[in-house]
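Numbering (this note's numbering), first residue to last: 172 to 282.
Using N, Cα and C, we set each Cβ at its ideal position, and we do this for glycine too.
Beneath this line is the structure, given in structure tokens, with notes to follow.
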């Protein structure tokens, strides 16, 4: 990914505010920029709220599910900084592979 593109994603620049040089590096494709936003957000395990990804991915739950899937596939650590969302909202805790096989009770405590 281009360093300039990453910088503008990190600073939450929407497509309409991107400089022409950055747009040109993306082939003047808003869709390509949105793909980069999603990939950057998932790779860096960013929160959905207060982030540019909320304009790209409309379903918050699916975003976090994709984030967890990517993290597992790439052997990344469990996103503990998102545990308030993961445990309460998605009902997925660090000891779970998925919520069906989870042996932890409410709040992520072992039963």
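Reduced DSSP secondary structure (H/G/I, E/B, other) of residue i
{"i": "residue 175", "result": "helix"}
{"i": "residue 188", "result": "helix"}
{"i": "residue 245", "result": "coil"}
{"i": "residue 195", "result": "helix"}
{"i": "residue 239", "result": "helix"}
{"i": "residue 233", "result": "helix"}
{"i": "residue 278", "result": "Here residue 278 scores only 48 on pLDDT, less than 50, and its place in the model should not be relied on; the value that follows carries that caveat. Residue 278 falls in the helix class under three-state DSSP."}
Span of the alpha helix (DSSP H) around residue i
{"i": "residue 207", "result": "201–214"}
{"i": "residue 218", "result": "Taken as a continuous stretch (DSSP letters only), residue 218 belongs to no alpha helix (DSSP H), as it is neither H nor E."}
Residue i and residue j closer than 8 Å at C-beta
{"i": "residue 250", "j": "residue 223", "result": "no"}
(request) Count the CB pairs spanning the stretch 184–199 and the stretch 211–222 that are closer than 8 Å, and state whether there are at least three. (result) Segments in contact, no.
(request) Report yes or no: do three or more beta-carbon pairs, one from the stretch 227–244 and one from the stretch 199–216, lie closer than 8 Å? (result) yes
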